[in-house]
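Enquirer: A single structure is presented below for examination.
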Amino acid sequence: MSTVLVIGAGGVGSVAVHKMAMNPDVFSQITLASRRRSKCDAIAASVKQRTGVDVRTAELDADDVAATTALIEEVKPGLVVNLALPYQDLAIMDACLKAGANYLDTANYEPRDEAKFEYSWQWAYQDRFKDAGLMAVLGCGFDPGATSVFATYVRKHLLDRIDTLDILDCNGGDHGHPFATNFNPEINLREVTAPSRHWENGQWVEGPALAHKQAFDFAEVGVRNMYLMYHEELESLAKFYPEIKRIRFWMTFGDSYLKHLEVLGNVGMTRIDPVKFQGVEIIPLQFLKALLPEPSTLGAVTRGKTNIGVIATGQKDGAQKTVYVYNVCDHEEAYAETGNQAVSYTTGVPAMIGASLMLTGAWKGAGVFNMEQLDPDPFMALMNSQGLPWKVETLAAPLAF
Ligand code: NDP
1 MSTVLVIGAG GVGSVAVHKM AMNPDVFSQI TLASRRRSKC DAIAASVKQR TGVDVRTAEL
61 DADDVAATTA LIEEVKPGLV VNLALPYQDL AIMDACLKAG ANYLDTANYE PRDEAKFEYS
121 WQWAYQDRFK DAGLMAVLGC GFDPGATSVF ATYVRKHLLD RIDTLDILDC NGGDHGHPFA
181 TNFNPEINLR EVTAPSRHWE NGQWVEGPAL AHKQAFDFAE VGVRNMYLMY HEELESLAKF
241 YPEIKRIRFW MTFGDSYLKH LEVLGNVGMT RIDPVKFQGV EIIPLQFLKA LLPEPSTLGA
301 VTRGKTNIGV IATGQKDGAQ KTVYVYNVCD HEEAYAETGN QAVSYTTGVP AMIGASLMLT
361 GAWKGAGVFN MEQLDPDPFM ALMNSQGLPW KVETLAAPLA F
């Protein structure tokens, strides 16, 4: 029986809190804090209606370390689950150290003025968490998160050595808008417009954004175009699995999304540096965010499925073998269960699972941990029972591209 403090009342926070309330044996008391209390209260009302569980709410600016420390000291949680934005990661980690709380998040820290997608700032907290006897788990969503757990599971049970690893992220959902992002537009567009980068023979290979296209037939979705991209779990996978010769990340995008993105990029609307407009400084990407549909409103209108998984080729008992581990998640089912679409669902459920493993002691340690360092078995078991069942297929041959 444990108390948890969740920070961030967006789509991911909403799913995580709903799923925590559905597991009252682990999460006996839930507090949800965010920049706007009204958003927390709306989630609490939905949780109450769906599960009968009361969620406490609080207003918090998580950039304010003193305020966050005070809230942690008041709530006294066994764990702080950070589902705000990547900008808040370090402030919340600082508050956890001050107040003596364990920490979990789903995205690496990002400075506001430059898209970096790297763990260096958070890895620098290693000694402080270790010395305090506290545990911080980084990147516990789907990707990063479940994808690294899949790779770790493959390495533990299915292959003696991994030579190549491909992460394939397909959102086959359709929300009917010509252009919208399924999660925070600012973070999403920063990620998509960054140069592509993959790991090959011990070094990073860079290329232009969205230039390398490949068609792939996704189970329960069909053939989609996917594009080579950089994604933050590549960094932790390369660090913790130096044996892997090539690690790549692919994400699907529809033609309409890409056409809009190209135009918005060409006219400067995806810039993240300040621009003076009528005497006021604005950041074009933040202005664009204000014009786009709120990701949370897409749930009710999104149809179709996501399919996210890893394909690993390596050696098993002296022979080459290729395995594919993946999950398919249905947008409408996710919405019916939690009021949020599958992109939030596939992130919020792993966050809840990681939180549950930390609170029950199945995952324990002192210091800063990535998913590759933790036992995949209890996580994989809970994925099956908590709404994200996975499949393993043995492929006849390695990927031909
Ligand atoms: P949203 O933008 O929907 O939600 C973020 C929430 O955090 C909002 O409620 C926002 O408040 C709140 N917030 C922002 N700044 C602060 C602050 N200073 N103090 C307190 N609260 C704040 O994002 P999502 O729910 O889609 O994503 C949440 C996190 O999950 C992000 O870090 C995202 O990068 C990550 N993510 C990870 C994925 C994975 O697979 N690993 C996939 C998808 C997302 P307000 O409502 O007032 O704006």
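The sequence shown begins at 1 in full-length UniProt numbering and counts up by one. Yeah, the Cβ is synthetic: ideal placement off N, Cα and C, and Gly gets one too.
1. What residue range is occupied by the uninterrupted alpha helix (DSSP H) comprising S385?
2. Consider the C-beta atom of D41 and the heavy atoms of ligand 1; say whether any pair is separated by less than 6 Å.
3. Between L374, W204, M229, C140, which lies nearest to P86 when the distance is taken from Cα to Cα?
4. Report buried or exposed for W204, applying the criterion of at least 16 other Cβ atoms within 10 angstroms of its Cβ.
5. Of all the beta strand (DSSP E) runs that stay within the bounds of the stretch 67-145, which reach a length of 3 or more residues?
6. Who are H198's beta bridge partners in DSSP?
7. Out of curiosity, what's the CA-to-CA distance linking D127 and G367?
8. Check whether the Cβ atoms of L388 and N340 sit closer than 7 Å, and answer yes or no.
9. Can you tell me the Cβ-Cβ gap for P293 and F142, rounded? I've got them flagged as a contact below 8 Å.
10. Could you spell out where the beta strand (DSSP E) holding A342 opens and where it closes?
11. Closer than 6 Å to a non-hydrogen atom of ligand 1 - does that hold for the CB of R35?
12. So is the beta-carbon of Q341 under 6 Å away from any non-hydrogen atom of ligand 1?
13. Look at the Cβ atom of V325, then the Cβ atom of V392, and state whether they are nearer than 7 Å.
14. Less than 6 Å between the CB of Q88 and some heavy atom of ligand 1, yes or no?
15. Following a CB-centred definition, is T51 positioned closer than 6 Å to any heavy atom of ligand 1?
16. Indicate whether H331 and G173 have their beta-carbon atoms separated by less than 7 Å.
17. Tell me the rounded alpha-carbon separation between V75 and N82.
18. How long is the line joining the alpha carbons of M20 and N102, rounded to whole angstroms?
19. Can you determine whether any heavy atom of ligand 1 sits closer than 6 Å to the C-beta of D94, and answer yes or no?
20. Note the first and the last residue of the continuous alpha helix (DSSP H) segment covering A33.
21. Could you check if V223 is buried or exposed, using at least 16 other CB atoms within 10 Å of its CB as the buried criterion?
22. Who are the near neighbours of T147 in its chain, counting only those whose CB is closer than 6 Å to its CB and skipping five residues on each side?
23. Taking DSSP as the reference, what is the three-state secondary structure of R271?
24. Determine the direct distance from the alpha carbon of D63 to that of W199, and round the result to whole angstroms.
25. Please give the ranges of any beta strand (DSSP E) in the stretch 145-189, keeping only runs that are unbroken, at least 3 residues long and fully inside the region.
26. Where does the unbroken beta strand (DSSP E) through K316 begin, and where does it stop?
27. Of the residues V53, M371, D105, which one's Cα is nearest the Cα of K239?
28. Can you give the Cα-Cα distance for F277 and M358, rounded to whole angstroms?
Expert: Let's see:
1. 376-385
2. no
3. C140
4. exposed
5. 79-82, 102-105, 135-138
6. V205
7. 7 Å
8. no
9. That belief does not hold up - the Cβ atoms of P293 and F142 are roughly 22 Å apart, past 8 Å.
10. Premise fails: A342 lies in the alpha helix (DSSP H), 342-360, not in any beta strand (DSSP E).
11. yes
12. no
13. yes
14. yes
15. no
16. yes
17. 15 Å
18. 17 Å
19. no
20. Careful: A33 lies outside any alpha helix (DSSP H), inside the beta strand (DSSP E) at 27-34.
21. exposed
22. I167, E233, V310
23. coil
24. 33 Å
25. 161-171
26. 305-316
27. M371
28. 47 Å
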